[in-house]
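Peer 1:
Protein chains: 2
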Amino acid sequence: MAKTRQGLVIVNTGDGKGKTTAALGMMLRAWGRGMRVCMLQFIKHEKANYGEIKAARRLGLEITPIGDGFTWSSKDPDETVARAVYGWEQAQKRILGGGCDILVLDEFTYPLHFGWLDVDEIIAWLRENKPSTLHLVVTGRYAPQALIEYADLVTEMKEIKHPYNDGLQAQPGVEF
Amino acid sequence: MAKTRQGLVIVNTGDGKGKTTAALGMMLRAWGRGMRVCMLQFIKHEKANYGEIKAARRLGLEITPIGDGFTWSSKDPDETVARAVYGWEQAQKRILGGGCDILVLDEFTYPLHFGWLDVDEIIAWLRENKPSTLHLVVTGRYAPQALIEYADLVTEMKEIKHPYNDGLQAQPGVEF
Numbered sequence: 000m001a002k003t004r005q006g007l008v009i010v011n012t013g014d015g016k017g018k019t020t021a022a023l024g025m026m027l028r029a030w031g032r033g034m035r036v037c038m039l040q041f042i043k044h045e046k047a048n049y050g051e052i053k054a055a056r057r058l059g060l061e062i063t064p065i066g067d068g069f070t071w072s073s074k075d076p077d078e079t080v081a082r083a084v085y086g087w088e089q090a091q092k093r094i095l096g097g098g099c100d101i102l103v104l105d106e107f108t109y110p111l112h113f114g115w116l117d118v119d120e121i122i123a124w125l126r127e128n129k130p131s132t133l134h135l136v137v138t139g140r141y142a143p144q145a146l147i148e149y150a151d152l153v154t155e156m157k158e159i160k161h162p163y164n165d166g167l168q169a170q171p172g173v174e175f
Numbered sequence: 000m001a002k003t004r005q006g007l008v009i010v011n012t013g014d015g016k017g018k019t020t021a022a023l024g025m026m027l028r029a030w031g032r033g034m035r036v037c038m039l040q041f042i043k044h045e046k047a048n049y050g051e052i053k054a055a056r057r058l059g060l061e062i063t064p065i066g067d068g069f070t071w072s073s074k075d076p077d078e079t080v081a082r083a084v085y086g087w088e089q090a091q092k093r094i095l096g097g098g099c100d101i102l103v104l105d106e107f108t109y110p111l112h113f114g115w116l117d118v119d120e121i122i123a124w125l126r127e128n129k130p131s132t133l134h135l136v137v138t139g140r141y142a143p144q145a146l147i148e149y150a151d152l153v154t155e156m157k158e159i160k161h162p163y164n165d166g167l168q169a170q171p172g173v174e175f
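Quick mapping for you: the protein sequence lines, in order, are chains A and B.
Note that numbering that gives the first Met the number 0 has the first sequence beginning at 0, numbered continuously upward.
Note that numbering that gives the first Met the number 0 has the second sequence beginning at 0, numbered continuously upward.
#1: Count the other C-beta atoms from every protein chain shown that fall within 10 angstroms of the C-beta of B/Leu135, then say buried if there are 16 or more, exposed otherwise.
#2: Express the C-alpha separation of B/Cys37 and B/Ala21 in angstroms, rounding to a whole number.
#3: Report the neighbours of B/Pro64 on chain A: residues whose CB is nearer than 8 Å to its CB, in chain order.
#4: Tell me, please, whether the CB atom of B/Ala1 is closer than 8 Å to any CB atom in chain A?
#5: Below 8 Å on the Cβ atoms is my guess for A/Arg82 versus A/Ile65; work out the distance and round it to an integer in Å.
#6: Among residues of its own chain, excluding the 5 on either side of A/Gly15, which ones have a beta-carbon nearer than 6 Å to its beta-carbon?
#7: Any beta carbon of chain A sitting closer than 8 Å to that of B/Lys160?
#8: What are the residues of the region 145-157 of chain B that lie near chain A, defined by any Cβ-Cβ distance shorter than 7 Å?
#9: Evaluate contact between the region 114-123 of chain B and the region 116-133 of chain A, counting only Cβ atoms and requiring at least three cross-stretch pairs below 8 Å.
#10: Under DSSP, the alpha helix (DSSP H) around A/Lys18 begins and ends at which residues?
#11: What separation, rounded to the nearest whole angstrom, lies between the Cα atoms of B/Lys18 and A/Val84?
#12: Check the C-beta distance from A/Asp105 over to A/Leu133 and give it rounded, since I have them as a contact under 8 Å.
#13: Against chain A, with Cβ distances strictly below 8 Å, would B/Thr79 count as a contact?
#14: Against chain A, does B/Gln89 count as a neighbour if the rule is that its beta carbon must be under 8 Å from one of theirs?
#15: Using a C-beta to C-beta distance shorter than 9 Å, which residues of chain B count as neighbours of A/Glu61?
#16: Nearest to A/Gln144 by CA position, among A/Gly13, A/Leu102, A/Leu7, is which residue?
#17: Of the residues B/Gly86, B/Val80, B/Met26, B/Asp77, which one's Cα is nearest the Cα of B/Glu61?
#18: Between which two residues does the beta strand (DSSP E) holding A/Lys157 run?
#19: Which residues bound the beta strand (DSSP E) around A/Thr12?
#20: Helix, strand or coil for A/Met0? Go by DSSP, reduced to three states.
#21: Residues in the same chain with beta-carbon distance under 6 Å from B/Ala90, minus the five sequence neighbours each way, listed in chain order, please.
#22: Reducing DSSP to helix, strand and coil, say where B/Gln170 ends up.
#23: Roughly how many angstroms separate the alpha carbons of A/Pro162 and B/Lys160, rounded to a whole number?
#24: So, at 7 Å on beta carbons, what are the nonlocal neighbours of B/Ser131 in its own chain, with the 5 sequence-adjacent residues on each side left out?
#25: Note down, in chain order, all residues in the region 18-33 of chain A with a beta-carbon under 9 Å from any beta-carbon belonging to chain B.
#26: Going along the chain, which residues of its own chain have a beta-carbon closer than 8 Å to the beta-carbon of A/Lys2, five neighbours each way excluded?
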């Protein structure tokens, strides 16, 4: 029975659609079971994720854009890096705080891929500190190999066909 | 502006996780925008999709397992085929009825792939009858080529790493 309560580390990566969307679906499913679900969004989306933020508010899910609490200080050499560091601190607080049964780090692969955060340090910290029952979900392209090795479940979303190639615009409600 | 209201045909296929889950995420996003979302489930899941059915009830989303309304008649030569035909009739009613802004046909690729339904007839019917503003989402492995050609947006979910290989069991709330 202990194994049934094992928290999974899940990575949704690849160039296709559905990485964040599948994480939202997991959140909805877990919410249906009365679990506490949280999402930290590391990258600002152009359209501000209008649909999911509105849905989250209606459901009482936590979806927090990292930009929200970040304040720029002149001591920070690079705002992009400083924002990623701030985001990771927020993630650590939620991982240690015990308030989430599922924590989604949305587009967290980018700070790792671009080297704004040190992936080996982060994996070492997670191995040490992640509560064994917490489900941790990471989304984004270019998932680093060290993250894939650490994860239990990795899915690549591959683009087979995309409507923008035919001149269609992104559809509200479906895509954002 | 007309293009912005174009209904998309979306296919989530492949051997990986996240096909149905991403469809659920789309439903959540659309629900957040006040759209009417419906899902017909063509294949019975072992665990009865407990999390999503519970969430759907709490949200007032329609998620209907095809098994629900199907009644076996001795005239049906093959129950599997008869159930698929019945499911497709239910889908047609919803497509024509106008009560859904997004309709998800969950695991609808299987009746097409296994030939319980004729994919060419179905695509021809959809080309003729699908309202242009309706978003139609089809999930499942083995999406037939004719469906991929008809679709606007096709994503393949590819399994890169799966925890069952390490002996972990499926996790309630996250996977079902």
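Cβ coordinates follow ideal geometry from the N, Cα and C atoms, glycine included.
Peer 2: A quick look at the data gives this:
#1: buried
#2: 14 Å
#3: Here the premise fails: no neighbours, minimum Cβ distance about 15 Å.
#4: With a pLDDT of only 41 at B/Ala1, under the threshold of 50, the placement of this residue in the model should not be trusted; the figure read from the coordinates follows. No, because no Cβ of chain A sits closer than 8 Å to the Cβ of B/Ala1.
#5: 6 Å
#6: Cβ neighbours of A/Gly15 beyond the five flanking positions: Met156, Lys157, Glu158.
#7: yes
#8: Listed by position along the chain: Ile147, Ala150, Asp151, Leu152, Val153, Thr154, Glu155, Met156, Lys157.
#9: Segments in contact, no.
#10: First-last of the alpha helix (DSSP H) with A/Lys18: 18-31.
#11: 32 Å
#12: With a Cβ gap of about 16 Å, A/Asp105 and A/Leu133 do not count as contacting.
#13: no
#14: no
#15: Neighbourhood of A/Glu61 in chain B, by CB distance below 9 Å: empty, with the nearest CB roughly 14 Å away.
#16: A/Gly13
#17: B/Met26
#18: 152-160
#19: 8-12
#20: Confidence at A/Met0 is low in this model, with a pLDDT of 38, below 50, so its placement is unreliable and no value can be given for it.
#21: Once the five neighbours on either side are set aside, the close Cβ partners of B/Ala90 are Leu39, Leu104.
#22: coil
#23: Looking at the two C-alpha atoms, the distance is approximately 29 Å.
#24: Gln5, Gly6
#25: Lys18, Thr19, Thr20, Ala21, Ala22, Leu23, Gly24, Met25, Met26, Leu27, Arg28, Ala29, Trp30, Gly31, Arg32, Gly33
#26: Low per-residue confidence applies at A/Lys2: pLDDT is 46, beneath 50, and the placement is therefore not dependable enough to give any value.
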